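Worksheet: the structure to be examined is printed underneath.
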Amino acid sequence: MPLLDPAVLAIACGFFGLLIGSFLNVVIHRLPIMLERDWQRQCAELAGKPPPEEEPFSLLWPRSRCPHCGRPVAAHENIPLISYLLLKGKCRGCGEPIGLRYPFVEALTGLLFGLAAGQFGLTLAGLGALAFIAAMIALAFIDFDTQLLPDDITLPLLWAGLLINLPGTFTTLPSAVIGAAAGYLALWSVYWLFKLVTGKEGMGYGDFKLLAAIGAWLGWQMLPLVILLSSLVGALVGVGLIVLARHGRNVPIPFGPYLAAAGLIALFWGRDLNLAYLGLI
Numbered sequence: 084m085p086l087l088d089p090a091v092l093a094i095a096c097g098f099f100g101l102l103i104g105s106f107l108n109v110v111i112h113r114l115p116i117m118l119e120r121d122w123q124r125q126c127a128e129l130a131g132k133p134p135p136e137e138e139p140f141s142l143l144w145p146r147s148r149c150p151h152c153g154r155p156v157a158a159h160e161n162i163p164l165i166s167y168l169l170l171k172g173k174c175r176g177c178g179e180p181i182g183l184r185y186p187f188v189e190a191l192t193g194l195l196f197g198l199a200a201g202q203f204g205l206t207l208a209g210l211g212a213l214a215f216i217a218a219m220i221a222l223a224f225i226d227f228d229t230q231l232l233p234d235d236i237t238l239p240l241l242w243a244g245l246l247i248n249l250p251g252t253f254t255t256l257p258s259a260v261i262g263a264a265a266g267y268l269a270l271w272s273v274y275w276l277f278k279l280v281t282g283k284e285g286m287g288y289g290d291f292k293l294l295a296a297i298g299a300w301l302g303w304q305m306l307p308l309v310i311l312l313s314s315l316v317g318a319l320v321g322v323g324l325i326v327l328a329r330h331g332r333n334v335p336i337p338f339g340p341y342l343a344a345a346g347l348i349a350l351f352w353g354r355d356l357n358l359a360y361l362g363l364i
């Protein structure tokens, strides 16, 4: 069997995705904490106060540990999916359950990496798709937890989308540039229209930047599909939360996860969905 057989490549990228998914769990948990600490240091500096004394904290330090008992996670307990199954979903130290989020993110990343390898192959588009997928997953879960879409991810993602389309990888460069501008302006316009009508802020600036990044990667032609899918799913989930979970109407619901999910759908099936829609009309 040849080394670059599509099935072999998809399986290999799937396993690689499990490892990346494990790292994304770290990013999802730690990056908001790192940003909050940085903001606190800046506030202290502006106020002329000494920065708060804190132990070093980054994506690599300290070692992962149980949030309940503080026990460090050993290397053999940090194998994607396998460790969760062997530990039966519980901390070996205190027996408290390990959140399902961790294996879910690992499995989702592995699945999407394998799918991307099967569809795009070992090409620039394939490598770009892996980076796009990782960023979408990290942003979706960070926004779900904190209602924050960090510039540390969205802005590099936007520039990377323009750069990767210099040779026309996913779309032409003019389409990518227009997509970035149109993506930002589309939600920016909705934001100000909603604010003028209701006096309230309906979304954050991070949503503008995320849609701009998706437009930079996939082109302006995908933006109507992304907006339609994200709005439809967001509306259905929002109504479901209000009706079934008694979610207060004034409690904000993050829009980033729906934009990210729609961006991933557009990455894999956007062209076919657009053609199918044009065929209907």
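First residue of the sequence shown? That's 84 in this note's numbering, and the numbers climb one at a time after it.
Note that beta-carbon positions come from the ideal geometry of N, C-alpha and C, so glycine has one too.
Please read these numbers as outputs of a predicted model, since none were measured by experiment.
Beta-bridge partners of residue i, as assigned by DSSP
i, result
"Lys173", "Pro180"
"Arg148", "Pro155"
Beta carbon of residue i nearer than 7 Å to that of residue j
i, j, result
"Leu164", "Pro186", "yes"
"Gly298", "Leu232", "no"
"Leu308", "Gly353", "yes"
"Thr192", "Ile220", "yes"
"Gly201", "Ala93", "yes"
"Phe203", "Gly197", "no"
"Ser258", "Gly302", "yes"
"Thr254", "Leu207", "no"
"Ile216", "Leu195", "yes"
Same chain, Cβ closer than 8 Å to residue i, five either side skipped, listed in chain order
i, result
"Ala127", "Pro133, Pro134, Pro135"
"Asn357", "Gln304, Met305, Leu308"
"Leu245", "Leu256, Ala259, Val260, Ala263, Ala299"
"Glu138", "Pro145"
"Ile116", "Phe140"
Delimiting residues of the alpha helix (DSSP H) encompassing residue i
i, result
"Ser272", "256-281"
"Asp226", "207-229"
"Gln123", "89-129"
"Ile297", "288-301"
"Phe351", "339-363"
"Leu142", "Unbroken run through Leu142: none, as it is neither H nor E."
"Leu249", "First-last for Leu249: undefined, no H or E at that position."
Contacts around residue i, its chain only, beta-carbon distance under 6 Å, and the 5 residues preceding and following it disregarded
i, result
"Tyr267", "Phe291, Ala295"
"Phe140", "none"
"Glu160", "Ser166"
"Glu179", "His151"
"Leu170", "none"
"Ser105", "Pro163, Glu189"
"Cys96", "Phe196, Gly197, Ala200"
"Gly172", "Pro180, Ile181"
"Arg124", "Pro134"
Contact set for residue i: own chain, Cβ-Cβ below 7 Å, skip 5 residues either direction
i, result
"Ile236", "Ala218, Ala221, Leu222"
"Pro340", "Ala223, Asp226, Phe227"
"Asp88", "none"
"Pro85", "Note that Pro85 scores a pLDDT of 49, beneath 50, so its modelled location is shaky and nothing firm can be said."
"Leu240", "Ala218, Ala296"
"Met286", "Leu270, Tyr274, Phe338"
"Cys174", "Cys149, His151, Cys152, Arg154, Ile181"
"Phe351", "Leu198, Gln202"
Anticipated Cβ contact below 8 Å, residue i with residue j, distance rounded
i, j, result
"Ile225", "Leu143", "Not quite, the Cβ-Cβ distance comes to about 18 Å (not below 8 Å), so this is no contact."
"Val322", "Ala344", "Their Cβ separation, rounded to whole angstroms, is 17 Å, which puts Val322 and Ala344 out of contact at 8 Å."
"Leu276", "Ser313", "The pair is not a contact, with the Cβ atoms about 17 Å apart (cut-off 8 Å)."
"Ala243", "Ala214", "7 Å"
"Ser147", "Val110", "Contact flag wrong, Cβ pair sits at about 12 Å."
Beta carbon proximity, residue i to chain D, threshold 7 Å
i, result
"Ser147", "No chain D appears in this structure, which consists of one protein chain only."
Distance cut-off 6 Å: residue i Cβ against heavy atoms of the ligand SAM
i, result
"Ala299", "No copy of the ligand SAM occurs in the structure displayed, which carries no ligand at all."
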